[in-house]
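Asker: The structure under discussion is supplied below as structure tokens; questions concerning it will follow.
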Amino acid sequence: MVGNNTAYNTNAPKSVGPWRSTNKLVKIMNDSFYDLPCPVNLNAWWSFGSMLGLCLVIQLLSGLLLSAHYTAHEDMAFDSVVHIMRNVEKGWMLRNIHANGSSMFFICIYAHIARGLYYGSYLDKTVWYFGVHLFLLTMAEAFLGYTLPWGQMSYWGATVITNMLSVSPVVGESMLRYVWGGWTVCNATLKRFYTLHFLLPFVMVAVVFLHLFFLHEKGSNNPLGIESGTMCVPFHPFYTIKDLFGYVCFSFFFMYLVCVDPELLGNHLNYWPANPMKTPIHVQPEWYFMFAYAILRSIPHKAGGVYVMFLSIVVLYLIPTLHTGKYRSLCFYPLNQVVFWVLVGSFISLTWIGARPVREPYIILGSAFQLFISLVYCWTPFLYGCEMNYLNTLNFV
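Numbers 1 to 397, taken from UniProt numbering, label the letters of the sequence shown in order.
See the structure below:
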């Protein structure tokens, strides 16, 4: 008892207490992680946030090491990747880590977004908006990185995606020529994409810090979506152990991709050098962009497809305005839970459809799922109202 009273004595010297709480620089990290107050009821879905931090570190380090051997020139880019895989010591592992790390990044980020949607984390608007900023930056970074090997799919993927700029009114064609640095995808395009791919991670790190700053300032959400108040525990050891278990599961799957089946989520056409004179029969992006690609090709009109695809992503900014219920979490809304899981199923279905050839019935299926997702966003406020009225009749609220 004497020791406890001394610890909280306001007249005690400032040096009393753990060194992590007295050193000003260390205290910032300590308050942000080690002794961070967290709700007592966080479940495994909250581990994906820390896994995203791990993915970012892996991508930064592996990308930095790869940049020492990569040559950003249209005549040498593909050969430099082959050189990394065959001649550089452990280069094959380094490249597989970086290539599959992007897939792991998107697995974690999609799970992180799904958790935010289910438990109403988007109601912390500042945190949510910075998270969406980070998602868009990650998509841009992944696209830029996919073009760098300068294989067949890299080249034609860059051609298809950059051509979307041409639908912009008035300035579309000028923007396209500026991005290309010429009249088509060329050496200037590759150099610009490499430069942006190297610089964007620094912007991402800054956005991550802002995301965490506002998250820790307001406090984390929890599965019930209620104020935690005094029902909090320090991050360590309660959630470091839980996150450590998530890291172990993450590492097993990641090492399987890197060492056993590195092309499981890749495309074999990227083993052929870029050939501007030969278009692949089926140009498709990486799996994490398949949902957007399925939406794009489900609409016959080029400009309409691009606009709808773009809206399907930036609609995340509007999510906080669609919530009209009294409670944050979907735990209290059975009907919305069903809609949420159907929405997840539609996203997975669009991802699968995007990998299929551009023919029926895949085109009509893509249109149907895209229309359903659009209707879900429109119905959400109405569904909240219906469920709140039903709960009122039960005297639940």
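Even glycine gets a Cβ: it sits at the ideal position worked out from N, Cα and C.
#1: Which residue marks the beginning of the beta strand (DSSP E) containing residue 233, and which one marks its end?
#2: With residue 55 as the anchor, note down where its alpha helix (DSSP H) starts and where it stops.
#3: Where does residue 258 land, buried or exposed, given buried means 16+ other C-beta within 10 angstroms?
#4: Give every residue of the same chain whose Cβ lies closer than 7 Å to the Cβ of residue 1, excluding the five residues on either side of it in the sequence, and list them in chain order.
#5: Could you tell me which residues DSSP puts in a beta bridge with residue 273?
#6: Which runs of the beta strand (DSSP E), 3 residues or longer, sit entirely within the segment 155-225?
#7: Quick check: what's the CA-CA separation for residue 167 versus residue 181?
#8: What's the gap between the Cα of residue 3 and the Cα of residue 99?
#9: Using DSSP's beta-bridge definition, name the partner residues of residue 37.
#10: Can you tell me the Cα-Cα spacing of residue 280 and residue 41, whole angstroms?
#11: Indicate whether at least one CB of chain B lies closer than 8 Å to the CB of residue 172.
#12: What number of angstroms, rounded off, separates the C-alpha of residue 158 from the C-alpha of residue 349?
#13: How long is the line joining the alpha carbons of residue 253 and residue 58, rounded to whole angstroms?
#14: Quick check on residue 312: buried or exposed, where buried means 16 or more other Cβ atoms within 10 Å of its Cβ?
#15: Where does residue 378 sit, in a helix, a strand or coil, going by DSSP?
#16: In whole angstroms, what separates the C-alpha of residue 276 from that of residue 74?
#17: Over what stretch of residues does the alpha helix (DSSP H) that includes residue 337 continue unbroken?
#18: With residue 97 as the anchor, note down where its alpha helix (DSSP H) starts and where it stops.
#19: Output needed for residue 215: all residues of its chain with C-beta closer than 8 Å, excluding positions within five of it in sequence on either side, in chain order.
#20: Hey, how far is the Cα of residue 183 from the Cα of residue 240?
#21: Residues in the same chain with beta-carbon distance under 6 Å from residue 188, minus the five sequence neighbours each way, listed in chain order, please.
#22: Which word fits residue 6, buried or exposed, when buried means at least 16 other C-beta atoms lie within 10 angstroms of its C-beta?
#23: Using beta-carbon positions only, say whether residue 224 and residue 331 come within less than 8 Å of one another.
#24: As a quick exercise: from 96, 105, 118, pick the residue whose alpha carbon is nearest that of residue 327.
#25: Can you tell me which of the three DSSP states residue 387 falls into?
#26: Hey, is the segment 199-206 in contact with the segment 86-101, meaning 3+ C-beta pairs nearer than 8 Å?
#27: Between residue 33 and residue 237, what straight-line distance do the alpha-carbon atoms span, to the nearest angstrom?
#28: Determine the extent of the alpha helix (DSSP H) in which residue 302 is found, giving its start and end residues.
#29: Could you compute how far the alpha carbon of residue 13 sits from the alpha carbon of residue 217?
#30: Quick one: grab the DSSP three-state call for residue 42.
#31: Mind reading off the beta-carbon distance from residue 50 to residue 261? Whole number of angstroms is fine, and I expect it under 8 Å.
#32: Quick one: what's got a C-beta closer than 8 Å to residue 315's C-beta in the same chain, skipping five residues either side?
#33: In terms of residue numbering, what span does the alpha helix (DSSP H) encompassing residue 80 cover?
#34: Less than 8 Å between the beta carbons of residue 147 and residue 109, yes or no?
#35: In terms of alpha-carbon separation, which member of 64, 278, 289, 209 lies closest to residue 105?
#36: I need the DSSP call for residue 326, collapsed to helix, strand or coil.
Answerer: The answer reads as follows:
#1: Here residue 233 refers to the residue found at position 233 of the sequence shown. Run containing residue 233: 232-234, per the beta strand (DSSP E) assignment.
#2: In the sequence shown, the residue the question calls residue 55 occupies position 55. Segment 47-66, the alpha helix (DSSP H) holding residue 55.
#3: Taking the first residue of the sequence shown as 1, we reach residue 258 at position 258. With 16 or more neighbouring CB atoms inside 10 Å of its own CB, residue 258 falls in the buried class.
#4: Here the question's residue 1 lines up with position 1 in the sequence shown. In this prediction, residue 1 scores a pLDDT of 41, lower than 50, which makes its location untrustworthy; the coordinate-derived value is nonetheless stated afterwards. Excluding sequence positions up to five before and after residue 1, its CB lies less than 7 Å from no other CB in the same chain.
#5: As a position in the sequence shown, residue 273 is number 273, starting the count at 1. In the DSSP assignment, residue 273 forms a beta bridge with 151.
#6: Within the segment 155-225, no complete beta strand (DSSP E) run reaches 3 residues.
#7: If you number the sequence shown from 1, residue 167 lands on position 167. If you number the sequence shown from 1, residue 181 lands on position 181. The C-alpha of residue 167 lies about 18 Å from the C-alpha of residue 181.
#8: Residue mapping note: residue 3 aligns to position 3 of the sequence shown, counting from 1. Residue mapping note: residue 99 aligns to position 99 of the sequence shown, counting from 1. In this prediction, residue 3 scores a pLDDT of 43, lower than 50, which makes its location untrustworthy; no coordinate-derived value is stated.
#9: Within the sequence shown, numbered from 1, the residue matching residue 37 stands at position 37. Partner(s): 234.
#10: Position 280 of the sequence shown holds residue 280. Position 41 of the sequence shown holds residue 41. Cα-Cα distance, rounded: 51 Å.
#11: Absence of chain B from the displayed structure is noted, only one protein chain being present.
#12: Residue 158 sits at position 158 when you count from the first residue of the sequence shown. Residue 349 sits at position 349 when you count from the first residue of the sequence shown. When rounded, the distance between both Cα atoms is 24 Å.
#13: Counting from 1 along the sequence shown, the entry for residue 253 is found at position 253. Counting from 1 along the sequence shown, the entry for residue 58 is found at position 58. A direct Cα-to-Cα measurement between residue 253 and residue 58 gives close to 15 Å.
#14: Translated into the one-based positions of the sequence shown, residue 312 becomes position 312. Classification for residue 312: buried.
#15: Taking the first residue of the sequence shown as 1, we reach residue 378 at position 378. Collapsing the DSSP output to three states places residue 378 in a helix.
#16: Walking along the sequence shown from the start, residue 276 turns up at place 276. Walking along the sequence shown from the start, residue 74 turns up at place 74. The straight-line gap from Cα to Cα measures roughly 11 Å.
#17: As a working note, residue 337 is residue 337 in the sequence shown. Note, residue 337: alpha helix (DSSP H), 334-354.
#18: On the sequence shown, residue 97 is found 97 positions in, with the first residue counted as 1. Element bounds for residue 97: 91-119.
#19: The count along the sequence shown starts at 1 and reaches residue 215 at position 215. The residues are 124, 127.
#20: Residue 183 sits at position 183 when you count from the first residue of the sequence shown. Residue 240 sits at position 240 when you count from the first residue of the sequence shown. Separation of residue 183 and residue 240 (C-alpha to C-alpha, rounded to the nearest whole angstrom) is 53 Å.
#21: As a first step, residue 188 must be located in the sequence shown, where it is residue number 188. The residues are 181, 182.
#22: In the sequence shown, counting from the first residue as 1, residue 6 sits at position 6. Legend: pLDDT at residue 6 = 41, less than 50; position of this residue unreliable, value from coordinates given subsequently. Residue 6 counts as exposed, since fewer than 16 other C-beta atoms from the protein chains shown sit within 10 angstroms of its C-beta.
#23: The count along the sequence shown starts at 1 and reaches residue 224 at position 224. The count along the sequence shown starts at 1 and reaches residue 331 at position 331. Result yes, Cβ atoms of residue 224 and residue 331 sit closer than 8 Å.
#24: For the purposes of this step, residue 327 is taken as residue 327 along the sequence shown, with counting starting at 1. Check the Cα spacing between residue 327 and each of 96, 105, 118: the tightest is with 118.
#25: Looking up residue 387 in the sequence shown gives position 387. DSSP, read as helix, strand or coil, puts residue 387 in helix.
#26: Not touching, per the Cβ criterion.
#27: If you number the sequence shown from 1, residue 33 lands on position 33. If you number the sequence shown from 1, residue 237 lands on position 237. Each residue's alpha carbon lies about 11 Å from the other.
#28: Reading the sequence shown from its first residue, position 302 is the one you call residue 302. Counting along the chain, the alpha helix (DSSP H) containing residue 302 begins and ends at 302-314.
#29: Here residue 13 corresponds to residue number 13 of the sequence shown, with the count starting at 1. Here residue 217 corresponds to residue number 217 of the sequence shown, with the count starting at 1. The predicted position of residue 13 is uncertain, since its pLDDT is 44 and thus under 50; a value taken from the coordinates is nonetheless stated next. Using only the alpha carbons, I get a separation of about 28 Å.
#30: Walking along the sequence shown from the start, residue 42 turns up at place 42. For residue 42, the secondary structure class from DSSP, reduced to helix, strand or coil, is coil.
#31: Start at 1 with the first residue of the sequence shown, and residue 50 comes out as number 50. Start at 1 with the first residue of the sequence shown, and residue 261 comes out as number 261. Contact flag wrong, Cβ pair sits at about 26 Å.
#32: Numbered from its first residue, the sequence shown carries residue 315 at position 315. Within the same chain, 377 come within 8 Å of residue 315 by CB-CB distance, once the 5 residues on both sides are set aside.
#33: Walking along the sequence shown from the start, residue 80 turns up at place 80. Per DSSP, residue 80 belongs to the alpha helix (DSSP H) from 77-86.
#34: Counted from its first residue, the sequence shown places residue 147 at position 147. Counted from its first residue, the sequence shown places residue 109 at position 109. No, the Cβ-Cβ distance between residue 147 and residue 109 is not below 8 Å.
#35: On the sequence shown, residue 105 is found 105 positions in, with the first residue counted as 1. Between residue 105 and the set 64, 278, 289, 209, the nearest pair of CA atoms involves 289.
#36: In the sequence shown, the residue the question calls residue 326 occupies position 326. Assignment of residue 326 by DSSP, reduced to helix, strand and coil, places it in the coil class.
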